[in-house]
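Student:
There are 4 protein chains.
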Amino acid sequence: MDELHEECGVFGIISAQPCECVGYTAAALLSLQHRGQESAGIAAEADGRILSQKDLGLVTDVFTPSVLSQFKNNKVAIGHVRYSTTGSNNVENAQPIVTNHSIISFALAHNGNLINASALRRNLERSNGIVFHTTNDSEVISMYIIHEMLKTDSIEVAIRNAMKVLKGAYSLLIMTNDKLIAVRDQIGFRPLCMGNLDGATVFASETCALDNIGAEFIRDVAPGEIVSVSLNGNVESLQADSVPQRGLCVFEMIYFARQDSIIDGESVYNARIQMGKFLAMQNPAEADIVCGVPDSGIEAAQGYAQQSGIPYGTAFVKNRYIGRSFIAPSQIAREKAVHMKLNPLRASVKGKRIILVDDSIVRGTTSAQIVRTLRNAGAKEIHMRISSPPFLYPCYFGTDIDSSENLIAFNKSIEEIRKFIDADSLEFLSLANLQKIKQLPQTSFCSGCFSGTYPLDVSGCSMKEQFEGC
Amino acid sequence: MDELHEECGVFGIISAQPCECVGYTAAALLSLQHRGQESAGIAAEADGRILSQKDLGLVTDVFTPSVLSQFKNNKVAIGHVRYSTTGSNNVENAQPIVTNHSIISFALAHNGNLINASALRRNLERSNGIVFHTTNDSEVISMYIIHEMLKTDSIEVAIRNAMKVLKGAYSLLIMTNDKLIAVRDQIGFRPLCMGNLDGATVFASETCALDNIGAEFIRDVAPGEIVSVSLNGNVESLQADSVPQRGLCVFEMIYFARQDSIIDGESVYNARIQMGKFLAMQNPAEADIVCGVPDSGIEAAQGYAQQSGIPYGTAFVKNRYIGRSFIAPSQIAREKAVHMKLNPLRASVKGKRIILVDDSIVRGTTSAQIVRTLRNAGAKEIHMRISSPPFLYPCYFGTDIDSSENLIAFNKSIEEIRKFIDADSLEFLSLANLQKIKQLPQTSFCSGCFSGTYPLDVSGCSMKEQFEGC
Amino acid sequence: MDELHEECGVFGIISAQPCECVGYTAAALLSLQHRGQESAGIAAEADGRILSQKDLGLVTDVFTPSVLSQFKNNKVAIGHVRYSTTGSNNVENAQPIVTNHSIISFALAHNGNLINASALRRNLERSNGIVFHTTNDSEVISMYIIHEMLKTDSIEVAIRNAMKVLKGAYSLLIMTNDKLIAVRDQIGFRPLCMGNLDGATVFASETCALDNIGAEFIRDVAPGEIVSVSLNGNVESLQADSVPQRGLCVFEMIYFARQDSIIDGESVYNARIQMGKFLAMQNPAEADIVCGVPDSGIEAAQGYAQQSGIPYGTAFVKNRYIGRSFIAPSQIAREKAVHMKLNPLRASVKGKRIILVDDSIVRGTTSAQIVRTLRNAGAKEIHMRISSPPFLYPCYFGTDIDSSENLIAFNKSIEEIRKFIDADSLEFLSLANLQKIKQLPQTSFCSGCFSGTYPLDVSGCSMKEQFEGC
Amino acid sequence: MDELHEECGVFGIISAQPCECVGYTAAALLSLQHRGQESAGIAAEADGRILSQKDLGLVTDVFTPSVLSQFKNNKVAIGHVRYSTTGSNNVENAQPIVTNHSIISFALAHNGNLINASALRRNLERSNGIVFHTTNDSEVISMYIIHEMLKTDSIEVAIRNAMKVLKGAYSLLIMTNDKLIAVRDQIGFRPLCMGNLDGATVFASETCALDNIGAEFIRDVAPGEIVSVSLNGNVESLQADSVPQRGLCVFEMIYFARQDSIIDGESVYNARIQMGKFLAMQNPAEADIVCGVPDSGIEAAQGYAQQSGIPYGTAFVKNRYIGRSFIAPSQIAREKAVHMKLNPLRASVKGKRIILVDDSIVRGTTSAQIVRTLRNAGAKEIHMRISSPPFLYPCYFGTDIDSSENLIAFNKSIEEIRKFIDADSLEFLSLANLQKIKQLPQTSFCSGCFSGTYPLDVSGCSMKEQFEGC
């Protein structure tokens, strides 16, 4: 697949009065669905126990009205949507993961990826005889929390102690019968925010989930912070060991997050508009129309149009009804198949010089098809503009940016890529310009996929050895 | 429901060599899915018999890879997607309808609505003892064709004879084991076009379905025309009795059809751009940004922006993952629920004077919610512009424009509507200006919902008495 | 398949007060399940309409608690279980068949088989343009009733008129919104009885269905009789044209009916005990034990044991959990596969001389396997006794006794059959002795499958041409 | 529920050559279905991994042809059918339980019940931080095996070490990728036997499962024995610590096992015949006919008839089609509802003096209904004979014989029970006579439910505290 995928979104709620926690969670997950479309799950407190429902599919597939109606009102719930990196897409790996133990029972939902999950798992297996039921690093985190609970009465302390050995990206939501705990790794790779819904406390991967259910934004969870909320709404905050540096994944701003979210204080929409504007300043072109590749290039294209003064227009109609599993007739040649999802708007592009903006190029095959499609629809010139630098290095922290050999920019020069996709010109936003955009949350974000410099030591990490992150 | 729905799309294919007719049909229906999301069905020739598969749901729900794999290669197939007017949404009423009879077996798919179905059905019941199995007017058409087949050997002649009594809108595809026949009523209310796919002949409600599978457009089927194609590709055309006047439903151009379709020679996209431009000339306003209500107001908004010189921007993020059946938590107040589908893009609209363009207003409740949402997100002024005249009269020809008492424009003046939706200003494109748009296929289209003047006599027609059209 | 199958059972109920008609019908069908295991269906009056639920599978598969709970209390219901003769086992052919027409709406359930269904169907198709939706002769009967309703106001008269052309076996239950009508063909091939359930009137194929729901037996429906019961319990009886002779299918007494049923005044159990006794008198043998083949030979074996004084014992354990669709591993040789269903009781048969009683032999392959199994389990001698005469002729009246070439007795002498199944001796009850059994309802039953003499002229009837009977 | 239930059956197979292990296992489970009807499961080796399929329902529900076809040929498989004692009937508790660990992966299927599962589980949770995923004592056994595997390389040694702490009844099958291990507790409460299938080695709860697939019986697994079979067919036997005494559950012979099984060398059928004969000698009665309650009293009734010389007959027809979930109409009074399952054969019982034999009486309500039903059907006298002593004490070893207060014999004298069920006379087989039956495997069986004397110390055991046994 020639597309990038985020890996997971989380949401949680705790309320003094029993309410439709599961309904709110399902509604919130709907607006986090862009972060993961493979499985959906919710765990909720019910009469002192933790029940969960999870399955492969979209939120609306898993949480049908009849499933939702089986949940009574309750006081705590967490939910999860998932895209798996390594392909073992099975229901056992769906989250939240519920852990029942005579000391404590809890459910855990995870967005991110540990880079030392394998070693941690082996350690627990061999020293204590622990048996794992999934290939998910979320279960490794859960077992370490239980492991630490043997030595302390406080789950917050147990979590902080576990964080000493957990290496990687993790934004976690953990619920017990009477607590909801949010945890963000010390680097802050993935977003996590906190809100208020008519007195109930909620946490979500992105603020658009708060909007969706009418909750008010309170604040972001800080890197390295453990925020624990009790039924009566008391909030306790612990901080894990010293934070080396912040490192929000820059691709959250470029592509993963929804454009109406505000992450660590900055608007994703504004950041993308700025990327388009910087790109227009960096690489102008003469053209009749500026178009974005739906849906990922739309905002950057609008920014480019605003900066350049060239009119913004529509080049493609995207078919919203093509599901993941739909299989095109084998006789429809690959070049034609792209029409099924993106049909060129001939009346708009015929005879035009077009600036076409997209967020990134992974393998280049999709870009090549898109350019060919536009040419066949009569476009005169196609100037491709990418609102991020070229991918040169893999990501170890929860996205599926692949090993270098599969990245076209690792293997070809920009001119070679231009020839491969057959554009009249091709330009990428430079890393230097990307760093100038003031809407990026802080000067220090993680841009390892462009630079090869990561906030954590990844030596010895292999993509193959990795566990299922989320 | 405060939304308009088209009622049905059809596609058919006939090929000298057995091919993936069913796969092509499913792929084509995907691009007609906007015309009907309640049921999907395909009938296909298989070893001399006609097999069909149909069910409630989207094309991808009904035609899963495992269902598609059950169909072998074949030579003829027709398909249908459906939205039902009168609410009896059950699988018996799904199409195509297969009629097995010792004289002839055929399948029929219908887009439109008969206005005399009740009388025709009663006539066949009482004179001949015919038993009907659906409440669908497509079955009435099928029974009349059989009735006429008792008197002639030619199905084309039987169809032409049946057309003498069929009153209303109908674009039909009819298949036998070795023929594919396309029929369009004498007024031409609904679109129907013909194409070529590597030697096979195809018909579709809209040209976007041809693009989708890589077929080339040949021509539109003319009002009153019967086009019969045999396995070897021979095309015969018969014409029904004299055509009083053409009358394509103008709402196909305004809203129903997909923007990349060309209907009766004119681009839907261009027509909508023109509607926006005329609206900008007719009712200008001072503003910072022009936005469209997703998805129906996007093109007219672009036209308005182009004409007025005011920048085009995005006001709402639409959640693509909310399905038909998703039920919001009851505690989410109605006003908040609209956020689930359309979340305002605060970073874009805050402090702005906005021109908001939509295609129509039915009951006004959705418009009121949208305006309120924008105000809460910080918009300073909201100037609503509608790219069609006000609805004053019901539609009898296959859309669900309701009886007058449910149409806000029938009951309130424009100023009263403006107050109801709480916009700073509100304007509709005038019927006079609509008629000036040269991209509307011909001077004589059906605009009965605006004017109350219909191309056929509708006296005596009641919405209640009507059958299920399609 | 080397087994005989009955084709269908029917049940109906009408009550002045709304009651659990559907629940009673489902319960009654359970005790008629031996008459058909392929599909089950119930139609019931609901607020002036007739609703039906039918599907492939056993009664408990189709009428799950959740399905039953969807039916409210009502006043009239009929139900049906089905085994199809000709193999087209699809849900369209399930019954009851509901006919909605502006003159009258009714549902019909049928046990039996018309021998002129093909000709009748063709006649209605060609003269009136009638379209059929099933390949079921029950639909032909329904259409003839509608056809006659065009000429009279009385459904009872219409039924009597239709009976003039219907040729064959049919025990029918017909319901409208306010009537329940039972019809038995003039010969009386298939049983049909009437009962009282706390004031409600019920009809059933067999009396065991009355016992099952606690209803009292009133009387049998007479051959050629139409019994019409209204909501208030009024009973009207019409008689069709003169009855040539009675002709209950003798195999109802030998095998089809449940042993606790009373048909046309005689106990099925007693008849089978008598068959065993006559067989013991006709063909005695020296043996240690008399065993029946489960379940069809059990009663005749008990009769044989009583008459001969040889102890009755058990030879086989039948596995009750083997479903229709279970497929044995391909590596289990055919001879071993019979153990899965019938395992020999070694402790009981080892070293014994056994008289093994069964009701009939069709192709002989099952008998051969059973004899081989007993020998392998250590039986010393096996004397096979069959409680009916040899099958020599096909049945046209609703059972699947096949065309002559597939009947082993048509092709081989009794001695040849004995060798084929490898028994030490083999004897069949003679037709002469069968006719002496006073528990057979009357001297004139239909024994066409033994004698080739049928109560109706079957010349020109071909098994292949036949419709789906039931 | 007024019925006894056995808890579980197991089957396993290991073959040098890949074969239809899963197909054989499914076929074998079919003949063990009487031991458990709530869930079915199979685990099998597949390319070095262990795959499992398990679900609620009968074997034919879970292992449909399409499910079976997904398994390729393989070398090792084990299967399980289950009835749960304590009512938590959910799919998580279905077996086999697969344990994946970096030291060893294995699957385990269990028939029996531990009496110290709670304490064992708590110990592992608190000392090692082990997390349990079921409430099943089979998981406790699995975790103890892993726990012992930390200290040894041999799974057989680990099992023997675990057996030191496991207290209770357990017949286990354990598979790895290349071994199949059978384990029977030191008392030998539950049966377990070994067979040969064309070179492959198989184990099963009962010999009828060997017959079913055409395997030959080799020998029983001895109490306290661990039999380990490798792919090449090598058999190793280890013995656990000294065996105090043997103690096969006597109810296996009375009721649980299938009548064609041979357990620990003795025929179940012969044992039941003997129970009937002893009962006839102990408590004769004048009568016309001896009948058994289907299906549990049939063989003892035959023995009674043989001993007494009174003819054996049929009193009830059992409806084989009533599933577990079928719900009778609420209007069918409880007394009538029994007819749905057991309809009296009026023609057989009317006017007769009947000896009615059953295997046991638990609460007495079913017996009372059966007697009343026979009286209503015209029986003159009913003499009830029970082929086992009265239940006075609960069972802790894997059957659901309840706590004493629910056992009618604990609360009433035999005369009081006779009055309660309204029989003309009632007698139970005495424990002294039961012990005289030479077909009972050895003098020392477990008859704790009659005597209160158990082969293991049960002090401190409470029914409520117990885990899910199997």
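Taken in order, these protein sequences are the chains called A, B, C and D. Heads up, the first sequence is in the working numbering, so the first residue is 44 and it goes up one at a time. Heads up, the second sequence is in the working numbering, so the first residue is 44 and it goes up one at a time. Heads up, the third sequence is in the working numbering, so the first residue is 44 and it goes up one at a time. Heads up, the fourth sequence is in the working numbering, so the first residue is 44 and it goes up one at a time. Even glycine gets a Cβ: it sits at the ideal position worked out from N, Cα and C.
Taking C-beta to C-beta, are ALA150 of chain C and ILE121 of chain C nearer than 7 Å?
Tutor: A contact, by the Cβ cut-off of 7 Å.
Student: Is it the case that the Cβ atoms of GLU191 of chain D and ASN171 of chain D are separated by a distance below 7 Å?
Tutor: No, the Cβ-Cβ distance between GLU191 of chain D and ASN171 of chain D is not below 7 Å.
Student: Quick one: measure Cβ to Cβ for ILE57 of chain A and LEU499 of chain A, integer angstroms, because I've assumed they're closer than 8 Å.
Tutor: The pair is not a contact, with the Cβ atoms about 31 Å apart (cut-off 8 Å).
Student: Which residues of chain D have a Cβ atom closer than 8 Å to the Cβ of ASN136 of chain A, listed in chain order?
Tutor: Simply none; closest approach about 13 Å.
Student: Rank B:ILE429, B:CYS438 and B:ASN386 by C-alpha distance to the C-alpha of ALA466 of chain B and give the top, closest one.
Tutor: When only C-alpha atoms are compared, the closest one is B:ILE429.
Student: Shortest alpha-carbon distance to ASN159 of chain C belongs to which of C:SER82, C:ARG363 and C:PHE440?
Tutor: Checked all of C:SER82, C:ARG363 and C:PHE440; the closest Cα to ASN159 of chain C is C:PHE440.
Student: Is the beta carbon of ASN117 of chain B less than 7 Å from the beta carbon of GLU88 of chain B?
Tutor: Result yes, Cβ atoms of ASN117 of chain B and GLU88 of chain B sit closer than 7 Å.
Student: Please report the residue range of the alpha helix (DSSP H) in which PRO108 of chain A lies.
Tutor: Note, PRO108 of chain A: alpha helix (DSSP H), 108-112.
Student: Please classify SER197 of chain C as buried or exposed, where buried requires at least 16 other C-beta atoms within 10 Å of its C-beta.
Tutor: SER197 of chain C is exposed by the Cβ-count criterion.
Student: Taking CB distances under 7 Å as the criterion, tell me whether GLU168 of chain C reaches chain B.
Tutor: Interface residue, yes.
Student: Just the Cα atoms here: how many angstroms apart are PHE175 of chain C and ILE365 of chain C?
Tutor: So the alpha carbons of these two residues sit roughly 37 Å apart.
Student: To which residues of the same chain is LYS423 of chain C closer than 7 Å at the C-beta, ignoring the five residues directly before and after it?
Tutor: Counting only Cβ-Cβ distances below 7 Å, and skipping sequence neighbours, we find GLY394, LYS395 and ARG396.
Student: Any beta carbon of chain C sitting closer than 7 Å to that of LEU193 of chain B?
Tutor: Cβ-Cβ to chain C under 7 Å: yes for LEU193 of chain B.
Student: Which one or two residues does DSSP pair with LEU216 of chain A in a beta bridge?
Tutor: Paired residue(s): A:ALA152 and A:ALA225.
Student: Determine which residues of the stretch 145-158 of chain A have a Cβ less than 9 Å from any Cβ of chain D, and write them out in chain order.
Tutor: Those residues of the stretch 145-158 of chain A that come within reach of chain D (Cβ to Cβ, closer than 9 Å) are SER145 and ILE146.
Student: I'd like the span of the beta strand (DSSP E) that includes GLN282 of chain C, first residue to last.
Tutor: Residues 278-282.
Student: Taking 8 Å as the threshold, find out whether the stretch 271-281 of chain C comes into contact with the stretch 306-323 of chain C through three or more Cβ pairs.
Tutor: Flag = no, the stretch 271-281 of chain C and the stretch 306-323 of chain C do not touch.
Student: Mind checking if ASN116 of chain D is an interface residue toward chain C, Cβ cutoff 7 Å exclusive?
Tutor: No - not a single Cβ of chain C is within 7 Å of the one on ASN116 of chain D.
Student: Here's the rule I'm using: 16 or more other beta-carbon atoms within 10 Å means buried, otherwise exposed. How should GLU295 of chain C be labelled?
Tutor: Flag for GLU295 of chain C reads buried.
Student: Nearest chain D C-beta to ARG418 of chain C closer than 7 Å, yes or no?
Tutor: No, no contact with chain D.
Student: Please list, in chain order, the chain B residues whose beta carbon lies closer than 7 Å to that of HIS382 of chain A.
Tutor: Ordered by position in chain B, the residues that pass the 7 Å Cβ test against HIS382 of chain A are ASP254, ASN255 and GLY257.
Student: Per DSSP, what are the beta-bridge partners of MET237 of chain C in this structure?
Tutor: DSSP lists C:PHE246 and C:ARG262 as partners of MET237 of chain C.
Student: Does the beta carbon of ASN171 of chain B come closer than 7 Å to any beta carbon on chain C?
Tutor: So yes, ASN171 of chain B belongs to the interface.
Student: Could you give the distance in angstroms between the alpha-carbon of ILE147 of chain B and the alpha-carbon of GLU279 of chain B?
Tutor: Cα to Cα, the separation comes out at about 19 Å.
Student: Please check if any C-beta of chain A sits within less than 7 Å of the C-beta of LEU388 of chain B.
Tutor: Answer yes: the Cβ-Cβ gap between LEU388 of chain B and chain A drops below 7 Å somewhere.
Student: Pick helix, strand or coil for TYR355 of chain C, following the three-state DSSP scheme.
Tutor: Correct three-state label for TYR355 of chain C: strand.
Student: Let me confirm a value: THR103 of chain A is counted as buried when at least 16 other C-beta atoms fall within 10 Å, else exposed. Which label applies?
Tutor: When all chains shown are included, THR103 of chain A counts as buried.
Student: I'd like the ranges of any alpha helix (DSSP H) spanning at least 4 consecutive residues and lying wholly in the stretch 392-472 of chain D.
Tutor: The qualifying runs are 408-419, 451-454 and 457-464.
Student: Could you name the residues of chain D that PRO432 of chain C contacts, counting a contact when the two beta carbons are closer than 9 Å?
Tutor: Within chain D, no residue comes near PRO432 of chain C; the closest Cβ sits about 24 Å away, beyond 9 Å.
Student: Please identify, using Cβ separations under 7 Å, the residues of the stretch 310-324 of chain A that lie next to chain B, in order along the chain.
Tutor: Going along the stretch 310-324 of chain A in chain order, one finds SER310, TYR312 and ASN313 with a Cβ nearer than 7 Å to chain B.
Student: ALA59 of chain A to THR219 of chain A, Cα distance in whole Å?
Tutor: Distance between the alpha carbons of ALA59 of chain A and THR219 of chain A is about 14 Å.
Student: Given that a residue counts as buried once 16 or more other Cβ atoms are within 10 Å of its Cβ, and exposed if not, what is GLU268 of chain C?
Tutor: Looking at its Cβ environment, which holds 16 or more other Cβ atoms inside 10 Å, GLU268 of chain C is buried.
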